[in-house]
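Scroll down for the structure; my scribbles are underneath it.
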Amino acid sequence: MNATPPLPVLGFAAFSGTGKTTLLLKLIPRLRAQGLRVGLIKHAHHGFDIDHPGKDSHALRTAGASPVLITSSIRRAVITERPVPRDPVLAEELDCFAGADVDLILVEGFKREHFPKIELHRPALRKPLLFPEDRSIIAVASDAPLPEKPAIPVLDLNQTDEIAQFILQHFLHRE
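Using the numbering used here, read the sequence shown as starting at 55 and increasing by one per residue.
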């Protein structure tokens, strides 16, 4: 029996306002240009809706249906209500990618969970570095020099191509 190897999962961890989404918006097209099929999980720290009042999906969900699957010729979305509100667990969210046709799953957030991550750091925000306490951080991307050089790679947060190359070569081991 051939077991399918787990999909590579790489996180981007930082304090709010550091620019995780901004970086991902630039990084994903560069990875796609290298032929990678990229999936994404974004941790939201608040309630959110992808359907809105006045839409059939919203009415059906608020009537009690869960999950609700919305599908068309170009897109599919599944909305599932948690029976008891709680913080999401990354391993459970990754189950949604079972059978997905992707080469890499990028994760925004989940900074307290242990899986490979790149830390984003902006010294001007005066927040502490995460890597000294989190051994799952494999690199730091910063927009300014760090107070001391860590034992892990330091990348330039403003050089998206450098970060993409790091992911390809050092994380995915592709040339």
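We treat Cβ as the ideally placed atom computed from N, Cα and C, and that holds for glycine. Quick caveat, the model's predicted, so the values are computed rather than measured.
If you compare alpha carbons, which of the options is closest to residue i?
i, options, result
"H224", "V138, K171, V92", "K171"
"P199", "L183, S190, A154, L90", "L183"
"V132", "A145, D105, D155, D157", "D105"
"P201", "D188, R176, S190", "R176"
"V143", "D110, F69, I206, H168", "H168"
"F102", "L78, K74, R136", "R136"
"P121", "T134, K109, A113, S127", "T134"
"P74", "A205, I206, V194, C150", "As written in the sequence, residue 74 is Lys, which differs from the Pro given in the question. Minimum Cα distance to K74 is reached at V194."
"R86", "D157, F220, V138", "D157"
Distance, Cα to Cα, residue i vs residue j?
i, j, result
"T76", "P186", "24 Å"
"A218", "L81", "6 Å"
"S111", "T125", "11 Å"
"S196", "G118", "45 Å"
"L209", "A154", "30 Å"
"A152", "N212", "33 Å"
"E146", "E216", "31 Å"
"N56", "S190", "Its pLDDT being 48, under 50, N56 is placed unreliably in this model, and the value from its coordinates should be taken loosely. Each residue's Cα considered, the two are about 28 Å apart."
"S70", "A178", "13 Å"
"P139", "K109", "24 Å"
"P107", "A113", "7 Å"
"F220", "S127", "36 Å"
"I206", "H100", "32 Å"
Less than 9 Å separating the beta-carbons of residue i and residue j?
i, j, result
"R129", "L123", "no"
"P173", "H97", "Note that residue 173 is Glu in the sequence shown, not Pro. No, they are not a contact pair."
"I159", "L94", "yes"
"T35", "R115", "Residue numbering for the chain in the displayed model covers 55 to 229; residue 35 lies beyond these limits and cannot be assessed."
"L148", "L61", "yes"
"T72", "K181", "yes"
"K165", "D141", "no"
"F66", "L78", "yes"
Which residues mark the beginning and the end of the beta strand (DSSP E) in which residue i is found?
i, result
"I133", "130-133"
"H175", "171-175"
"S196", "191-196"
"I82", "No beta strand (DSSP E) holds I82; the alpha helix (DSSP H) holding it covers 74-87."
"E236", "The displayed coordinates of the chain run from 55 to 229. Any statement about residue 236 would go beyond what the structure contains."
Within 9 Å (strictly less), CB to CB, does residue i reach chain C?
i, result
"L85", "Included in the structure is just one protein chain, with no chain C present."
Could you tell me the boundaries of the alpha helix (DSSP H) in which residue i lies?
i, result
"E216", "214-220"
"D188", "No alpha helix (DSSP H) holds D188; DSSP gives it neither H nor E."
"A113", "110-116"
"A145", "144-148"
Do three or more CB pairs link the region 71-90 to the region 215-229 at distances below 8 Å? yes
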